[in-house]
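A.B. asks: My questions will all concern the structure given below.
In the numbering used here, the protein residues as written are 204 to 533.
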């Protein structure tokens, strides 16, 4: 057993870790240094104002009452982060909106930008849930390419009573979604393995879904991500959208939404900023949507398409009337 860890000793260790991570190019060096220290100490976060001052030993104030082995463990996880292993994968969890979910290997790490996509789906589900005419008909939301399940789970948790169906091609993602739903108490989530390019996917739900939401893979094959955290640690299946422009899977999502949504149902899908016009065109070409728009993410970038299923009897493949062409293309 080494010397007792003091508050000042912890501060010195965290400052040293911050310096190491900064030199390695980690943009969130201070945050990550503190988050890793908190994790090693069994704390949800480091709240310096709650810690003893000066050379007071920390052990009595910490969960478990011990700091044995902290410095060695902390050095190991800081080294992992220095080599650009994602923080979420090191600590095994991340926060998305109001839920904390597990992060496991072979499943995409949720990003804060996707919270705005979830917000659009949540707002629509809440609107329908509050409609007296729908009192006996709870909203039905389908989350395509669900990954770790954070979008559908957030809808379920934030709009109680909503029915959620989540689908992903990856069995690992389906297992992660099911585990995360159970972890946070999501009560109506149904998760299954399925290929969004299959025209028979969820055929039993055709024309009955209120919201189709998706964060599909959409990176083109020649646009390898610069960040090592993404490039080296997220699964290719969750990153690359197939086709020369990366939009083969997103276009399949558009067609699935056109088939699944009831008249007036809402479609929302994340995409890359540079794909906004192409995705709007894909939605219009489906011949089933009106009010096709692009909305910004948390950083103000054009990152999602939103559209309504037409209620005039249109079918996928038919041209959209000019009056319905609806940010929209100039």
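Don't be surprised by glycine CBs; every beta carbon is placed ideally from N, CA and C. Values in this document were obtained by computation on a predicted structure and should not be read as measured data.
Looking at the structure shown, is residue 417 part of a helix, part of a strand, or coil, going by DSSP?
C.D. replies: Looking at residue 417 - three-state DSSP - the assignment turns out to be strand.
A.B. asks: Is it buried or exposed for residue 473, if we count other Cβ within 10 angstroms and need 16 for buried?
C.D. replies: By the neighbour-count rule (16 or more Cβ atoms within 10 Å), residue 473 is buried.
A.B. asks: If you follow the beta strand (DSSP E) that residue 510 is part of, which residue opens it and which one closes it?
C.D. replies: First-last of the beta strand (DSSP E) with residue 510: 505-512.
A.B. asks: Thinking just about the alpha-carbon of each residue, which of 253, 466 and 228 is nearest to the one in residue 548?
C.D. replies: In the structure displayed, the chain extends from 204 to 533; residue 548 sits before or after that span and is not available.
A.B. asks: The beta strand (DSSP E) spanning residue 499 covers which residue range?
C.D. replies: Note, residue 499: beta strand (DSSP E), 492-499.
A.B. asks: Who are residue 455's beta bridge partners in DSSP?
C.D. replies: According to DSSP, residue 455 bridges with nothing at all.
A.B. asks: CA-CA distance, residue 341 and residue 460?
C.D. replies: Using only the alpha carbons, I get a separation of about 19 Å.
A.B. asks: Among 260, 415 and 237, which residue has its Cα nearest to the Cα of residue 324?
C.D. replies: Checking every option, the nearest Cα to that of residue 324 belongs to 415.
A.B. asks: Going by other Cβ atoms of all chains shown within 10 Å of its Cβ, with 16 needed for buried, is residue 164 buried or exposed?
C.D. replies: Only positions 204 to 533 of the chain appear in this structure, which leaves residue 164 out of reach.
A.B. asks: Grab me the residues of residue 183's own chain with a C-beta within less than 7 Å of its C-beta, minus the 5 sequence neighbours each way, in chain order.
C.D. replies: In the structure as shown, the chain starts at 204 and stops at 533, and residue 183 therefore has no counterpart that could be examined.
A.B. asks: Identify whether residue 524 lies in helix, strand or coil by the three-state DSSP scheme.
C.D. replies: Note that residue 524 has pLDDT 37, beneath the 50 cutoff, so the model's placement of it is unreliable and the number below is only indicative. Of the three classes helix, strand and coil, the one that applies to residue 524 here is coil, per DSSP.
A.B. asks: Could I get the ranges of all uninterrupted beta strand (DSSP E) runs contained in the region 339-420, with 3 residues as the minimum, in chain order?
C.D. replies: Counting whole runs of 3 or more residues, the region 339-420 contains the beta strand (DSSP E) stretches 343-347, 366-371, 392-396 and 412-417.
A.B. asks: Are residue 343 and residue 411 closer than 8 Å when you measure CB to CB?
C.D. replies: Their beta carbons are under 8 Å apart, which means residue 343 touches residue 411 by this criterion.
A.B. asks: Tell me, to the nearest whole angstrom, how far the beta carbon of residue 243 is from that of residue 280; I am working on the premise that it is less than 8 Å.
C.D. replies: About 7 Å separates the two Cβ atoms, so the contact holds.
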